[in-house]
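Participant: What follows is a single structure, and I will ask about it in a moment.
In our numbering, the protein residues as written are 21 to 359.
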């Protein structure tokens, strides 16, 4: 699926941003220094694999059937004006912390993640950076209590050590790369690795979006045929008839910026989606709420329709971005502690 030139121009036309909640959760499982073939901690199809092959192509680790694929340049995020806030929230969410010699802002460089519909809403991510494997093993053996309020537990699955706290966890794959996510997502990835050689299983257009130069994050989604989207459209009208989502973003002034394109089944549905985004009444309610919270005026979203596609841009200031981060963190924490 290729984006036409109009869409590309719209994606580059304004400031860029990605939904922050998933990035915050995924950031929390970073990894360790350089490695060689003997550093690989897994077998692919029963045979050893060079660790460099996994480190070079992290997307090949993710399970098939991805609905939404996301990329985050975590190093850039932590250097931004939101870096301190994100580091604090990650410390409250992730299954490892200082007891495992892990500091997200120091040890995570980039993340690729996928959202799936396996046994509900499942997610799986590949995290790259630096990680102290021995410290994590010691913390797990001691059942050290994480900031989630539950112990870090080590178990075995598909011949690999899996570390979990509540319903989220990670699996070290190499000295530089780890698998992360909820238990269902991680197990499906490990099942796939155990059955055969690594290969990318997501649509090329999704991968191409994550490779966009200058974007600190990207989100690509194929929502066609998803009943949950049709149901959610009753509360969020622009989701009605939505087929594909593309979002690019960065963490430049005023804080977090995003630009995206929504693809619908036909121009008429796209017109309805664009109108929903422009809904003056909704924006007025948001503006009133923001003013009452002392957060200033509502963000100025720019919306334009071209045939079956709707392009939009939206900058968020630091204050608004931090508020959304905190709200997202609370939701994710509740999900994380569920079994």
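Positions of the beta carbon are idealized from the N, C-alpha and C atoms, including for glycine. Keep in mind that this is a model prediction, so the values were computed, not measured.
On the DSSP letters alone, give me the boundaries of the alpha helix (DSSP H) that residue 95 sits inside.
Facilitator: That run of the alpha helix (DSSP H) goes 94–99.
Participant: Using DSSP's beta-bridge definition, name the partner residues of residue 190.
Facilitator: Beta-bridge pairing links residue 190 to 183 and 200.
Participant: Would you kindly work out how many angstroms separate the C-alpha atoms of residue 254 and residue 247, rounded to a whole number?
Facilitator: C-alpha separation (whole angstroms): 12 Å.
Participant: By a C-beta neighbour count over all protein chains shown, 10 Å radius and 16 as the cutoff for buried, is residue 231 buried or exposed?
Facilitator: It is exposed - the Cβ of residue 231 has fewer than 16 other Cβ atoms within 10 Å.
Participant: Can you list, in chain order, the stretches of the alpha helix (DSSP H) that have 4 or more residues and sit fully within the segment 218–254?
Facilitator: Taking only runs of at least 4 residues, the alpha helix (DSSP H) segments lying wholly in the segment 218–254 are 224–230 and 247–252.
Participant: Work out the CA separation of residue 137 and residue 349 for me, nearest whole Å.
Facilitator: One C-alpha to the other measures close to 22 Å.
Participant: Under a Cβ-count criterion, where at least 16 other Cβ atoms within 10 Å of its own Cβ denotes burial, should residue 120 be classed as buried or exposed?
Facilitator: It is buried - the Cβ of residue 120 has at least 16 other Cβ atoms within 10 Å.
Participant: Leaving out five residues before and five after residue 78 in sequence, what residues of the same chain have Cβ atoms less than 7 Å from its Cβ?
Facilitator: Hits under 7 Å: 132, 146, 148 and 197.
Participant: For residue 330, which residues in the same chain have their Cβ closer than 6 Å to its Cβ, ignoring the five residues on either side in sequence?
Facilitator: Cβ within range, chain order: 282, 290, 293 and 294.
Participant: Helix, strand or coil: how does DSSP classify residue 320 here?
Facilitator: It is coil, neither helix nor strand.
Participant: Can you tell me which residues form a DSSP beta bridge with residue 165?
Facilitator: The partner list for residue 165 (beta bridge, DSSP) reads 171.
Participant: Hey, how far is the Cα of residue 127 from the Cα of residue 151?
Facilitator: Going from the Cα of residue 127 to the Cα of residue 151 covers about 7 Å.
Participant: Kindly indicate which three-state DSSP category residue 327 falls into: helix, strand or coil?
Facilitator: Looking at residue 327 - three-state DSSP - the assignment turns out to be coil, as it is neither helix nor strand.
Participant: Let me know the secondary structure DSSP gives residue 206 once reduced to three states.
Facilitator: Helix at residue 206.
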